[in-house]
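A short write-up of the structure that comes next.
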Amino acid sequence: MNGFRSAQSCHLLQFTQRERRRARQRTPFGDEDVQVVFAGMGISSVFQRRFGSNRRTALFYHTDMLNHANWLHENCPECPDRLKIAYQRCSEFGLVDRCLLIQPQPISDELLRLAHTQDYIDAVAATVEMSDDARFEYVKRFDSAFFNKDTHTAARLAAGALTHAVDVVTRGDTRNAFCLVRPPGHHAMKDEPCGYCVFNNVEIAAKHALRQHEANRILIVDWDIHHGQAMQYAFYDDPRVLYFSIHRYDQGNYWPSLRESDYDFVGQGPSYGYNINKDYSDIDYLTIFNILLMPIAYEFGPDLVIVSAGYDCALGCPYGCFSLSPAVFAHLTNRLMVLADGNVIVALEGGYNVESLSDGVAHTISALLGDPLPSLESLKPVLSGTKEAIRKCVSVLRTKWKSLNIFPIKQALSPKDMSGLSTNTWKTVMVPTTDVEPCRRSEDEVAAANKKLADLRRICSFTEMTDQQRACLVYDSRMENHKSELERQQPECPARTRRAYELLEEYGLARRCKRTEARVASEEELLRIHSQEYIDALKNTATMPQAAINEFAERFQSHTYDSASLAAGSLLSVVDDICSGEALHGVAVIRPPGHHAEYDRCMGFCFFNNVALAVRHAQESHGLKKIAVIDWDIHHGNGLQHIFEMDPNLPMAIDLAFHDFSVLCLSIHRFDEGRYFPNSPDADTAFCGDGEGVGKTVNIPWNGGGVGISMECFGHLTHLLVATSTLNNPVEAETERRRRGVILALEGGYNLTATAEGLSHCVATLLSDTCLRLPSGLAPTDKGAATIRRVVEVQKNHWTSLFDYSPMACHLDQLTNTRLQAVTTSSITAATPTTQASTENHTGTEATVAATTNVATGVSFDSTSSASLFSPYVSLSTTTIQAELSIPAAQEVVMAFEAPQPASPPPANSDADSNSQEVASSQPQQHPTTSATAATVSDLSMGAVPLSDTPQPVAGPSAERSTNRVDSGMLRQLVHFADAGIEDLGSFLGLNSSDPTPNRLFAVEPILWCPHLGQVTSASQWRPEVTHPCTRCESRHENWVCLTCYEVYCGRYAQGHMLEHYNTTQHSIVLSLADLSAWCYVCNSYIHNERRNKHSIWPNSEWLCLLDFQFRHRVLEVRPQDVFHLYC
């Protein structure tokens, strides 16, 4: 009976699935319905978030803001036409109709007080009733301010638009927002107007979001050509806000002419590194974004992004004298939209050429709407001034942001001395004036710029695209006929494509794409890459008996040729659709894969090189000239590289016909010094092409595992490639410009769920869905950073656009310096004075620091060896007590010092002696420069330091007057790291070599009893689930459950919603879903109750292993009292 019921349930499930598919085909629905329709179909919460964020763009605009005008100067650049013409231009392009148009309401005094004093608020309100003469007397005390009777209303509307935008975006009512407002705000001080600004709109919005707990971390990007000094003052010591300003500085000669506008004012206290000033010109704003802003922003992980969008850096602005094309603002906005789940608010600041301003606003709104990015002129090489400016910023930010560890430290300097400089000098340098700044461009220059703007406007298109115009999709189940007859568990199985396509259907992505018809590649098309002999041999397998095929090859069968040619032909069909303008992007869910296939043989599950055939087809059939192939498969695409290079083994006909050096092949893969499949020695960085094609092959290999990529990350990679595909000349013919896009062709991936999820994220990105935010704290690993530097070193001779990552001197941030100082001081106190330290230089990687009890004044690194990329060591010496420590660079792990007199050897049968003999047998020769050496855990784990108290001789000149001695008790406490096979303490703790390493390890000792245990309530219906998301933010990292109301919120190192819950409810006892540790917010401690319940589900000492297994694999059925009595 049970078997019958099971079969019946299975039949009903299959019937339901069939009916569900038929219903979807019969009753189409709009994109806005996808989240509702699929809500009950097992759709993952991740894609629920993606669908939930794909709403309209809000546009805030009010005609009352046009009434604000300068009655003193009719030629004032901050004029009503700035708003009027910008709104008209957006209407002409059809952008306004596509937005949710919202009229803002005047902001309240309560919100204004977040940024301004009540006296100033009242003074602004009083200008409404003032006479013109009285208003003049009021404004002449300030720098570049003007008022009329409508200024107060306009300023309140502008600020109100920003706070309203925060509300609608953070609630999820709209996808993002653009605030078309004036007067601007980023110069407005707390108690005075400044630079045409009255109220600081963005500051108020950011503080409103923080106060309402709508965001815990906010990124403010200010690309106005003038430094937003008031914004910097507001958040200079607030680590919750990262302020990034790109502005013109001119050594302090450009308005607002402040010393604190320079690169070295980066915040103070806990906010060090959260204020970033950058001065640069021209289109290389993109370089600043890619090299500096985006890595830091990913690490910061904002909940909300607010842009102070000034367009006075654009082409034709009479005051900025920069030449950014309006289209570049779409690219800048697009880059920011991958952050914070797409929660981006853009607020108009400056911009005084109404033509470039209106075009820049239109491109920004178009990007917020998810339109395809406009083409850009080919990027010029990065100017030397830009490189120098970026490196200056890195010099003061490198030790604060791990994401900048791609820049190696040559010399670590003490924190930059800013004691003599004020963080706010506005009152001392401000020059009161009501005059209008004179135009910095001639009339001819402005006319030429406007003519170029008109030319660019004619070739720009703001036409809304449907989903089927955005992406096409090809899939054919006949490709699943290919499977191994001998290896039933072969990972390259039919389920790979079937599961991927089914998930695209379940998420509603497949039906949103244009369906491309699959076809078989003709023999003529296959001959473009592969030899006739190989094609004939593969074709013959279709008519051979399986036994004969098995002798021919294990992974062949009668359907192999048909499936392989169908996969190749289907990808060619996608190329046809893209090049003919049927779709902008394409996706090919195909198998077998192809990037390992050589021109005359199969390899690695691959038979025909699908991508190489597609490239050749695009060149021959459609005349494309430049094609980039990005291969992020973990295995090196050896076939692709060999085919695209001048391979001497290729037949001459194929070689001469194919190699026009118009293909850039970039591969990111695991290498392991050539030991990882396909074991190609030419997969290393040094191999970059031959002859005229040198530089067209870029290998980015890494060695070793441990590289974990989330499925969401593939959506971000696709987003980056989509933006890159538009970097071409906008003045080319329309027929050329329309043939741009990204084609995704499935290669490897043998975890069915991960492959399907990753592909779904890629397709969603091609359809312009919002990319989900990645976890905060992202930074390249040491291995990754070293690999990038090696690649750049090889490729920099071929590509002038590559950035210079050579070693540089960097200032320590105050926190790192304080830790280093504390360790140095405590270590020196514990040490006994020794003789003068040797002054000879170490070979390899080392540094010398002159340290006092107050500050470390300098660290120098010799980066001549490759080891300097991973674990440079610092050598410290003092002037009062000569001692030398070996510690990780800019870190603070110190084990022991040498004593002045060697102790007597311990007894021969002592533990220390036996340990010493065991370890010292593999001890390398000590370096001749140290007179007193402190052992690091790294030394210990590598067997470099003896564990006995017996002094070891030091080779070299200093040996005659000093010896090495290490505290054996300290080392014996740590020797288990070496026994466990851990390289060093950093590896044991999962740290990069650049991460701060504690000088002590602490065991958390919970309190034995808590007076607040009475708050724990019974919840018999509650079932803990380790994957339960935070109730507020959907975070699945570091979540806790309240043991009073059993609500689940994230911890303080995620979004801090559990802490907010405690502050609101005073429910103090919470339980971690990660490790079942209990915490009391009132006692500020972990809790340990000695009374173990006799019915506890973990009755023995092995409960922790059982707990880990059960929590990772299924929902636990645990009573609250049982959970609470665990030793956590």
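Numbering (the UniProt record's numbering), first residue to last: 1 to 1128. By construction, the Cβ of each residue, glycine as well, lies at the ideal position given by its N, Cα and C atoms.
| Item | Value |
| --- | --- |
| Where C460 sits in the DSSP three-state scheme | coil |
| Coil, strand or helix - residue 1129 by DSSP | What the structure shows of the chain is the stretch from 1 to 1128, and residue 1129 is not part of that stretch, so it cannot be assessed. |
| Cβ-based burial, L101 [other Cβ within 10 Å; buried from 16] | exposed |
| CB contact flag (residue 1206, T543, <8 Å) | Only positions 1 to 1128 of the chain appear in this structure, which leaves residue 1206 out of reach. |
| DSSP bridge partner residues for V241 (one or two, in chain order) | I218 |
| Paired residues, beta bridge with G581 - DSSP | DSSP output for G581 lists no bridge partner at all. |
| A314 and P374 closer than 8 Å at C-beta | no |
| Paired residues, beta bridge with residue 1144 - DSSP | Because the chain is modelled from 1 through 1128, residue 1144 falls outside the range shown and cannot be assessed. |
| Between the CA atoms of Q212 and G586 - distance to the nearest angstrom | 42 Å |
| 3 or more residues per run - each beta strand (DSSP E) lying fully within the stretch 775-828 | 808-811 |
| Three-pair Cβ contact test at 8 Å for the stretch 779-793 versus the stretch 691-702 | yes |
| Alpha helix (DSSP H) segment containing T541, residue limits | No alpha helix (DSSP H) contains T541, which DSSP labels as neither H nor E. |
| Unbroken beta strand (DSSP E) run spanning Q411, endpoints | 409-413 |
| Bridge-paired residues (DSSP) for R670 | W702 |
| Start-to-end residues for the beta strand (DSSP E) that takes in A177 | 176-179 |
| For R499 and S563, believed in contact at Cβ under 8 Å, the rounded distance | Not a contact, Cβ separation roughly 17 Å. |
| Collapsed DSSP secondary structure at V128 in the structure displayed | coil |
| Sequence-distant residues of its chain with Cβ nearer than 6 Å to A234 (five each side left out) | E203 |
| CA-to-CA distance, D435 to W426, given in whole angstroms | 19 Å |
| C-alpha distance - Y750 paired with G708, whole-angstrom precision | 15 Å |
| Residues of its chain near A125, where Cβ-Cβ distance is below 7 Å and the 5 sequence neighbours each way are ignored | H152 |
| Contact the stretch 359-374 vs the stretch 460-475: 3+ CB pairs below 8 Å | yes |
| Reference G691; option with closest CA among L339, H1088, H798 | H798 |
| At least three beta-carbon pairs within less than 8 Å, the stretch 429-445 to the stretch 288-307 | no |
| Pick from H1037, L1071, L1043, T1044 that is closest to C1050, judged by C-alpha positions | H1037 |
| Cutoff 8 Å; reference M603; Cβ partners in own chain excluding five residues on either side | H596, A597, N638, G639, P678 |
| C-beta atoms of A330 and V305 nearer than 8 Å | no |
| Residue closest to C1033, alpha-carbon to alpha-carbon, out of G316, V474, D600, V1048 | V1048 |
| Where L1008 falls, given that 16 or more other Cβ within 10 Å makes a residue buried | exposed |
| Under 8 Å between C-beta atoms of S1068 and H1028 | no |
| DSSP bridge partner residues for L1071 (one or two, in chain order) | V1041, A1078 |
| When D222, L778, C1083 are compared against I345, the one with the closest alpha-carbon | D222 |
| C-alpha gap between L453 and C606, whole angstroms | 50 Å |
| For S403, the three-state DSSP class (helix, strand or coil) | helix |
| Nearest residue (CA-CA) to V181, options P104, A188, L114, V168 | P104 |
| Residue range of the beta strand (DSSP E) that includes N473 | A small correction: the amino acid at residue 473 is Leu; Asn does not occupy that position in the sequence shown. L473 -> beta strand (DSSP E) spans 471-474. |
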